[in-house]
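Note that the protein sequences, when read in sequence, are chains B and H. Note that the UniProt record's numbering numbers the first sequence so that position 66 is 66, with each residue one more than the last. Note that the UniProt record's numbering numbers the second sequence so that position 24 is 24, with each residue one more than the last. The C-beta atom is built at its ideal place from N, Cα and C for all residues, glycine as well.
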Amino acid sequence: MSSFLRRLAGIPWREIAGEARSRAFLFAQVLCAVHVVNAHVCSIALVRGPSMLPAMNLAGDVVVVDRVGARFGRVGPGDVVLLISPQNPRRMVSKRVLGMEGDTVTYLVNPGNSESSKTVVVPEGHVWVQGDNIYDSKDSREFGPVPYGLITGKIFCRVAKVT
Amino acid sequence: MAGRPSAPVWSSLRSCLSGALVGFTVSDRYASIITVRGPSMIPTPGVKPGDCALVERLCLDRYDFSRGDVVVFRSPRDHENLVVQRLIALPGDWIQVPELQEIRQIPEGHCWVEGEHSASISWDSRSFGSGTGRQQSTITEVERWRVGDHRSSGAGKKPSRTQIPLGLMYGRVTHIVWPPNRIGRVERKMPEGRTMQQWF
């Protein structure tokens, strides 16, 4: 029994605790660095759904999202962006920007069934987003121009396709 | 060897970098401190320009806000500015809008915020394609967006009320931390008789 206690006392507890502390701190720093890069610099996302056909795959695409450009307002018409859905803040959707604030946008109201179109001026601070596949996309034609603040990133390239 | 920073400089740089990383992460995910300026940040009763407020950001995980919270969100008209107002109604609630003399239901994913300010454009919007199913007349969409009155500064307080998507939320103000005589909790308060919650 006493030999067991002697062996316990011989273990360098302080050094172990110190090393554990520094390892834990390093691990926390790595997690923080990953978060900062993911949220503010660039990120990877999986995008799927029919609304951006044919540009994006139905089964899914792994894309790289640029956060810096969107944060500093460098989003323009023609860009594909990732934004928080105005109908459900816990969902992200990807659409193409068709008009910035002040632009006039004309769109087909009911593309499958009729030729009627509407024209709208995008208000201040908002953007008009539409999916490339206008027959199967919930976008600004349904929920209106979205505030720029909902845009979280600009999609600029695809790295893999999900089959 | 020439040009390499010496060890103390290098280690202090590294600790600055790690402190910045940890600080950014905590500020993004847990809590952050903002300074309320006016009129670009619109104060509410209980929060005045010049205060430093503690903004809690854990609520963004599930977007669980309560009616009467003081919230901070990105302005729908200018994404770089933050606005401080009180959240009055959640998705599904019915709210009475005095200026328009109507009662409207907040659509899914949106909320209603109100604040007081002394100089700004009070901006009112109708939700696009409101799900009432009514046949719309041939007014163009442009007319659906109405801009309220513009008052010059110093002309007195004019309440600002708008409906915003919940995705614009930045956080919830829980405490005032500066100036010292105003340190304390920011309470939830609801205006009487304006909203009716959805019970089904």
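Notebook entry, point to check: In chain B, what lies closer than 7 angstroms to E77 (chain H) by C-beta?
Noted result: Here residue 77 (chain H) is taken as the residue at index 77 of the second sequence, counted from 1. The sequence given here places Arg at residue 77 (chain H); Glu does not occur at that position. Per Cβ cutoff of 7 angstroms: E124, G125.
Check: Under a three-way DSSP split, which group does V34 (chain B) fall into?
Finding: The count along the first sequence starts at 1 and reaches residue 34 (chain B) at position 34. In the three-state scheme derived from DSSP, where H, G and I count as helix and E and B as strand, V34 (chain B) is classed as helix.
Notebook entry, point to check: Where does P107 (chain H) fall in DSSP's three states?
Noted result: Stepping through the second sequence from its first residue, residue 107 (chain H) is reached at position 107. In this structure, P107 (chain H) counts as coil in the three-state DSSP scheme.
Check: Tell me, which residues are paired with R14 (chain H) by DSSP?
Finding: Working through the second sequence from its first residue, we reach residue 14 (chain H) at position 14. DSSP lists no partner for R14 (chain H).
Margin query: By the three-class DSSP mapping on this structure, what secondary structure does N181 (chain H) have?
Written below: One-based indexing of the second sequence puts residue 181 (chain H) at position 181. Three-state DSSP puts N181 (chain H) in a helix.
Notebook entry, point to check: If you check the beta carbons only, do C111 (chain H) and P98 (chain H) fall under 8 angstroms apart?
Noted result: Residue 111 (chain H) sits at position 111 when you count from the first residue of the second sequence. Residue 98 (chain H) sits at position 98 when you count from the first residue of the second sequence. No; because the gap between Cβ atoms is not below 8 angstroms, this pair is not in contact.
Checklist line | When B:D132, B:G73, B:N113 are compared against R96 (chain B), the one with the closest alpha-carbon | finding: Working through the first sequence from its first residue, we reach residue 96 (chain B) at position 96. Closest option to R96 (chain B), Cα to Cα, is B:D132.
Note to self: I want to verify the contact list: residues of chain B whose CB lies under 8 angstroms from the CB of T25 (chain H), in sequence order.
What the structure shows: For this step, residue 25 (chain H) is matched to residue 25 along the second sequence. Here the neighbours are L31, C32, H35, V36.
Margin query: Judging by CA-CA distance, which residue of H:Q197, H:P191, H:G184, H:D61 is the nearest neighbour of V47 (chain H)?
Written below: Start at 1 with the first residue of the second sequence, and residue 47 (chain H) comes out as number 47. The option with the nearest alpha carbon to V47 (chain H) is H:G184.
Next item on the list: Identify whether T119 (chain B) lies in helix, strand or coil by the three-state DSSP scheme.
Entry: Reading the first sequence from its first residue, position 119 is the one you call residue 119 (chain B). Here T119 (chain B) carries a strand assignment [DSSP, helix/strand/coil].
Check: According to DSSP, which residues form a beta bridge with P12 (chain B)?
Finding: Working through the first sequence from its first residue, we reach residue 12 (chain B) at position 12. Partner residues in a beta bridge of P12 (chain B), as assigned by DSSP, do not exist.
Next item on the list: Would you be able to state if there are at least three C-beta pairs under 8 angstroms between the segment 22 to 40 of chain H and the segment 82 to 99 of chain B?
Entry: The segment 82 to 99 of chain B makes no contact with the segment 22 to 40 of chain H, as fewer than three CB pairs between them are under 8 angstroms.
Checklist line | DSSP beta-bridge partners of Y107 (chain B) | finding: For the purposes of this step, residue 107 (chain B) is taken as residue 107 along the first sequence, with counting starting at 1. Y107 (chain B) is bridged to B:K118.
Checklist line | DSSP bridge partner residues for S43 (chain B) (one or two, in chain order) | finding: Locating residue 43 (chain B) in the first sequence gives position 43, counting from the first residue. S43 (chain B) is bridged to B:V65.
Item checked: Contacts around R37 (chain H), its chain only, beta-carbon distance under 8 angstroms, and the 5 residues preceding and following it disregarded -> In the second sequence, counting from the first residue as 1, residue 37 (chain H) sits at position 37. Its chain contains P49, G50 as the residues whose beta carbon lies nearer than 8 angstroms to that of R37 (chain H), once the 5 sequence neighbours on both sides are disregarded; these appear in chain order.
Next item on the list: Evaluate the contact criterion for the segment 98 to 114 of chain B versus the segment 64 to 73 of chain B: three or more CB pairs, one atom per stretch, below 8 angstroms.
Entry: Cβ pair count under 8 angstroms is below three, so no.
Notebook entry, point to check: Of the residues that make up the segment 2 to 18 of chain B, which ones have a beta carbon closer than 9 angstroms to any beta carbon in chain H?
Noted result: Under the 9 angstroms Cβ criterion, the segment 2 to 18 of chain B contributes no residue.
Item checked: chain B within 8 angstroms of V84 (chain H), Cβ atoms only -> The residue given as residue 84 (chain H) occupies position 84 in the second sequence. For V84 (chain H), the answer is no, since every Cβ of chain B falls outside 8 angstroms of its Cβ.
Notebook entry, point to check: Do you know whose CA, among H:D28, H:R161, H:V173, H:C16, lies nearest L100 (chain H)'s CA?
Noted result: Stepping through the second sequence from its first residue, residue 100 (chain H) is reached at position 100. Comparing Cα-Cα distances from L100 (chain H) to each of H:D28, H:R161, H:V173, H:C16, the minimum goes to H:R161.
Note to self: With DSSP as the reference, identify every bridge partner of residue 174 (chain B), one or two as the case may be.
What the structure shows: The structure shown does not extend to residue 174 (chain B), since chain B is modelled only from 1 through 163, so no value can be given for it.
Next item on the list: Please report how far the alpha carbon of A160 (chain B) lies from the alpha carbon of V37 (chain B), in whole angstroms.
Entry: The sequence position of residue 160 (chain B) within the first sequence is 160, counting from 1. The sequence position of residue 37 (chain B) within the first sequence is 37, counting from 1. Per the coordinates, the alpha-carbon of A160 (chain B) lies some 20 angstroms from the alpha-carbon of V37 (chain B).
Margin query: If I follow the unbroken beta strand (DSSP E) through F73 (chain H), where does it start and stop?
Written below: Residue 73 (chain H) sits at position 73 when you count from the first residue of the second sequence. Under the DSSP assignment, F73 (chain H) falls in the beta strand (DSSP E) whose first and last residues are 70 to 75.
Check: Cβ of R67 (chain H) within 8 angstroms of Cβ of T195 (chain H)?
Finding: On the second sequence, residue 67 (chain H) is found 67 positions in, with the first residue counted as 1. On the second sequence, residue 195 (chain H) is found 195 positions in, with the first residue counted as 1. Yes, Cβ-Cβ distance for R67 (chain H) and T195 (chain H) is below 8 angstroms.
Item checked: Host beta strand (DSSP E) of C52 (chain H) (start-end) -> In the second sequence, counting from the first residue as 1, residue 52 (chain H) sits at position 52. 52 to 56 is the extent of the beta strand (DSSP E) around C52 (chain H).
Checklist line | Separation of D136 (chain B) from G171 (chain H), as counted between CA atoms | finding: Locating residue 171 (chain H) in the second sequence gives position 171, counting from the first residue. Locating residue 136 (chain B) in the first sequence gives position 136, counting from the first residue. Cα-Cα distance, rounded: 34 angstroms.
Next item on the list: Rank H:E56, H:Q96, H:V70, H:D93 by C-alpha distance to the C-alpha of V84 (chain H) and give the top, closest one.
Entry: If you number the second sequence from 1, residue 84 (chain H) lands on position 84. Measuring C-alpha to C-alpha distances from V84 (chain H) to each of H:E56, H:Q96, H:V70, H:D93 identifies H:V70 as the nearest.
Next item on the list: Give a yes or no on whether the C-beta atoms belonging to C157 (chain B) and V63 (chain B) are separated by under 8 angstroms.
Entry: Locating residue 157 (chain B) in the first sequence gives position 157, where the first residue counts as 1. Locating residue 63 (chain B) in the first sequence gives position 63, where the first residue counts as 1. Contact: yes.
Notebook entry, point to check: In chain order, what residues of the same chain lie with their CB nearer than 8 angstroms to the CB of S57 (chain B), ignoring the 5 residues before and after it?
Noted result: Residue numbering aside, residue 57 (chain B) sits at position 57 when the first sequence is read from its first letter. Rather than Ser, the amino acid found at residue 57 (chain B) in this sequence is Asn. Answer for N57 (chain B): R48, K161, V162, listed in chain order.
Item checked: Own chain residues within Cβ distance below 8 angstroms of E115 (chain B), not counting five before or after -> Here residue 115 (chain B) is taken as the residue at index 115 of the first sequence, counted from 1. L108.
Notebook entry, point to check: Under 9 angstroms Cβ-Cβ, which residues of chain B neighbour D28 (chain H)?
Noted result: For the purposes of this step, residue 28 (chain H) is taken as residue 28 along the second sequence, with counting starting at 1. Residues of chain B with a Cβ closer than 9 angstroms to the Cβ of D28 (chain H) are, in chain order, H35, V36, A39, H40.
Notebook entry, point to check: When you compare each of H:G115, H:V173, H:F73 to V186 (chain H) by their alpha carbons, which one comes out closest?
Noted result: Taking the second sequence and counting its residues from 1, the one referred to as residue 186 (chain H) is at position 186. Selected option, being the one with the closest Cα: H:V173.
Note to self: Just verifying my parser: in three-state terms, what is the DSSP assignment at L168 (chain H)?
What the structure shows: The residue you call residue 168 (chain H) lines up with position 168 of the second sequence. Residue state, collapsed to three classes: helix.
Checklist line | Residue burial classification, H126 (chain B) (beta-carbon count within 10 angstroms, cutoff 16) | finding: Taking the first residue of the first sequence as position 1, residue 126 (chain B) is located at position 126. Counting Cβ neighbours within 10 Å, H126 (chain B) comes out buried, since at least 16 surround it.
Check: Residue range of the beta strand (DSSP E) that N81 (chain H) falls in?
Finding: The residue labelled residue 81 (chain H) in the question sits at position 81 within the second sequence. Unbroken beta strand (DSSP E) run through N81 (chain H): 78 to 89.
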